[in-house]
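Enquirer: Can you keep this structure in mind? I'll have questions shortly.
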Amino acid sequence: MKRIMIHAYTKLNLGDDLFIKVLCERYPDTRFILPARKEYKQCLASLPNLTVYPIESIWVRGIRKLLKKLDNADFQKMLLKRLAGRCDGVVQIGGSMYMQGEGWKKDYSWKLDVFDTKKPFYVLGANFGPYKDDLFYEKYRELFSTYADICFRDQYSHELYKDLGNVRLAPDIIFQHPQQGNPGSGKHIVISVIKPSARDNLKDLDSMYYNKIKDIAVAFIEEGHEVKLMSFCEYEGDEEAVQTILSLIPQPYADHASLYFYKTNLEEAVGILSSSSMIVATRFHAMILGWVFGKPVFPIAYSEKTINVMNDAHFTGAYADLKSMESLEPELVVRSFDTNRLNVSVLARQAESHFEKLDNYLGKSKNAEEAAAITPAVFARRGHES
Numbered sequence: 001m002k003r004i005m006i007h008a009y010t011k012l013n014l015g016d017d018l019f020i021k022v023l024c025e026r027y028p029d030t031r032f033i034l035p036a037r038k039e040y041k042q043c044l045a046s047l048p049n050l051t052v053y054p055i056e057s058i059w060v061r062g063i064r065k066l067l068k069k070l071d072n073a074d075f076q077k078m079l080l081k082r083l084a085g086r087c088d089g090v091v092q093i094g095g096s097m098y099m100q101g102e103g104w105k106k107d108y109s110w111k112l113d114v115f116d117t118k119k120p121f122y123v124l125g126a127n128f129g130p131y132k133d134d135l136f137y138e139k140y141r142e143l144f145s146t147y148a149d150i151c152f153r154d155q156y157s158h159e160l161y162k163d164l165g166n167v168r169l170a171p172d173i174i175f176q177h178p179q180q181g182n183p184g185s186g187k188h189i190v191i192s193v194i195k196p197s198a199r200d201n202l203k204d205l206d207s208m209y210y211n212k213i214k215d216i217a218v219a220f221i222e223e224g225h226e227v228k229l230m231s232f233c234e235y236e237g238d239e240e241a242v243q244t245i246l247s248l249i250p251q252p253y254a255d256h257a258s259l260y261f262y263k264t265n266l267e268e269a270v271g272i273l274s275s276s277s278m279i280v281a282t283r284f285h286a287m288i289l290g291w292v293f294g295k296p297v298f299p300i301a302y303s304e305k306t307i308n309v310m311n312d313a314h315f316t317g318a319y320a321d322l323k324s325m326e327s328l329e330p331e332l333v334v335r336s337f338d339t340n341r342l343n344v345s346v347l348a349r350q351a352e353s354h355f356e357k358l359d360n361y362l363g364k365s366k367n368a369e370e371a372a373a374i375t376p377a378v379f380a381r382r383g384h385e386s
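Residue 127 in full-length UniProt numbering sits at position 127 of the sequence shown; the count goes up by one each step and never skips.
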């Protein structure tokens, strides 16, 4: 049995946690190693082939005390390097893993120190950017050239590196999530929200965004709907955003609004989405899951990754850009209840292509030939229902 280390965003974010679940379920005969906070033992308890190494466990803290000369970052790097060295390879699975921040050079050096380039490294489901200068792009070109396989989820990222022989393209991995429920069968409208100011490019937009989401919620309630404000990630401020928005909704409308916080129960959170009648999606994977479940979705794009994937999927429904949504009429969002669905059956099959090369390495017998046969270089056009 091969041992594979998972390199992922482990901040209890619903979308990223689903990535890990899909990966482990696809390869039941592979032992996966995930360094993460202890809550992941509960979050992913249904995966018998996953071992979670809590990086803040008692024994780790004990060893750190013995090695007082190492600061926290150096100790974690040493621990992760040891874990990676005991594995046969690494799978990095996640979306926005290559954004240029102020500390990107340190992050880049960290990857060089932790992961052995002699062992295969797979990048699945990522998008590249946003980035500001050519050095960032060129340094990752150097690093990517050493990887076993890179499969981006959007054409923009693919175009940047398609001349490398190990770079491929497929739709977002979560497109292959199993469908649940019946389209339009739910009784509530889910509104997934974010805290804009948690992102450098969305500073000073909290008040405008919260008030507009409040207006959208009231508009749906006036039409007789129940509204559920949903947090995908406490760490990124979603819960604070949800609570602030609820406090803005006046009576008697507030009696028809409720909150949902994703903590560690993946199945319950996905069930909230699949049992809805519509999703107003600021969170990227609220949009993807809404399409998968056959729901009308009104996307609120807070980054280029959302726009890029909507374009790749040939979604032609109404949507809003968060930066300019102050002029958005709530009635437009309500009217999307009858229009904004997307048939993603072909995209779901194409999404399996992310695992094509990893299937070969892990000896996976699951049939991915049909997915590989559908050329993903240009995502198939699906009928937009309007």
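Even glycine gets a Cβ: it sits at the ideal position worked out from N, Cα and C.
(1) Just mark Q243 as buried or exposed, buried being the case when its beta carbon has 16 or more other beta carbons within 10 Å.
(2) Whole alpha helix (DSSP H) runs in the stretch 61-139 with 4 or more residues, listed along the chain?
(3) Determine the burial state of M5: buried for a count of at least 16 other Cβ atoms within 10 Å of its Cβ, exposed for fewer.
(4) Let me know the secondary structure DSSP gives M287 once reduced to three states.
(5) Please report how far the alpha carbon of P252 lies from the alpha carbon of G15, in whole angstroms.
(6) Taking the beta carbon of G363 as the centre, do at least 16 other beta carbons fall within 10 Å, making it buried, or is it exposed?
(7) Who does A8 pair with in a DSSP beta bridge?
(8) V344 to V22, Cα distance in whole Å?
(9) The beta strand (DSSP E) with C151 in it runs from where to where?
(10) Measuring alpha carbon to alpha carbon, tell me which residue in Y209, L229, T10 and M325 is nearest M97.
(11) Report the start-end ranges of each alpha helix (DSSP H) in the stretch 228-285 that is 4 residues or longer and not cut off at the edges.
(12) Find the nearest neighbour of K323 within the set L342, N127 and I307, judged by alpha-carbon distance.
(13) Can you check whether the CB of V114 is closer than 9 angstroms to the CB of K81?
(14) With I300 as the anchor, note down where its beta strand (DSSP E) starts and where it stops.
(15) Do the stretch 28-45 and the stretch 280-299 touch if we need at least three Cβ pairs shorter than 8 angstroms?
(16) Any chance you could list the alpha helix (DSSP H) runs of at least 4 consecutive residues sitting entirely within the stretch 166-200, in chain order?
(17) Would you kindly check if the distance between the Cβ of S192 and the Cβ of A257 is under 9 angstroms?
(18) Going by alpha carbons, who is nearest to P28 out of Y40, N13 and R3?
(19) At the level of alpha carbons, what is the spacing between Y161 and V167?
(20) So, do the stretch 291-306 and the stretch 140-147 have three or more beta carbon pairs nearer to each other than 8 angstroms?
(21) Opposite Y53 in the DSSP bridges: which residues?
(22) Any idea what DSSP makes of E223, helix, strand or coil?
(23) Alpha carbon to alpha carbon, how far is D116 from L143?
Expert: Judging by the given coordinates:
(1) exposed
(2) 72-85 and 104-114
(3) buried
(4) helix
(5) 33 angstroms
(6) exposed
(7) None, per the DSSP bridge assignment.
(8) 18 angstroms
(9) D149 to F152
(10) T10
(11) 238-248 and 266-274
(12) I307
(13) yes
(14) V297 to A301
(15) no
(16) none
(17) no
(18) R3
(19) 7 angstroms
(20) no
(21) P35
(22) coil
(23) 12 angstroms
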